[in-house]
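Sequential numbering of the sequence shown, starting at 1460, is according to the working numbering. We put the CB at the ideal spot given by N, CA and C, even for glycine. Right, one structure below, let's go through it.
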Amino acid sequence: MYTKEYKDISIELATLLDALSHPARLQIIIHLAKYKNCPANNISSRLPLSKSTVSQHMSKLKEAGLIICNPKGVCNSYELNYEKLYLLKKYFSDLINEIDSWKDKQMECTDNKGNCSNVNIKLIEHG
């Protein structure tokens, strides 16, 4: 049975991975790893994309909590949200460890009649 905690963690991990699933957003993350309090126009000038496209990618990263917007007058500056990035690292590491733990113990998914066996799926647990 899935626990609410696991469901919440799964949703958050999927949201974070979705936010990172575009090459332009990965480039923005890398740029912000190099420079903190980076003005939006600086980020736009570093990518071969229109300002509006960069703005849309920034919004997706901000919604996922991966970047933080710091209003500075008429121009916003951005920085990485390291707390969220470290949480992503932990979630992903836990997921890989969970997958690894089953590598040599995998069971058949079906019985001899082609029905799925009654195997409970263990979800990622965090302590």
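Proximity below 7 Å, CB of residue i to CB of residue j
i: Leu-1472; j: Tyr-1550; result: yes
i: Asn-1540; j: Leu-1554; result: no
i: Leu-1485; j: Ala-1523; result: no
i: Cys-1534; j: Pro-1507; result: no
Contact set for residue i: own chain, Cβ-Cβ below 7 Å, skip 5 residues either direction
i: Ile-1487; result: Ile-1502, His-1516, Met-1517, Leu-1520
i: Thr-1512; result: none
i: Ala-1483; result: Leu-1506, Leu-1508, His-1516
Other residues of its chain near residue i: CB distance less than 8 Å, five sequence neighbours each side excluded
i: Lys-1543; result: Leu-1475, Ala-1523, Gly-1524, Leu-1525
i: Gly-1491; result: For clarity, residue 1491 is Leu in the given sequence; the question names Gly instead. The residues are Cys-1497, Ile-1502, Ile-1526, Tyr-1537, Glu-1538, Leu-1539.
Own chain partners of residue i with C-beta closer than 6 Å, once the 5 adjacent residues on each side are dropped
i: Gly-1586; result: In this predicted model, Gly-1586 has a pLDDT of only 48, less than 50, meaning its place in the structure is not dependable enough to derive any value.
Inset, instruction - May I have a chain-ordered list of the beta strand (DSSP E) segments no shorter than 3 residues that lie completely inside the stretch 1489-1573? - result: Complete beta strand (DSSP E) runs here, min 3: 1526-1531, 1534-1539.
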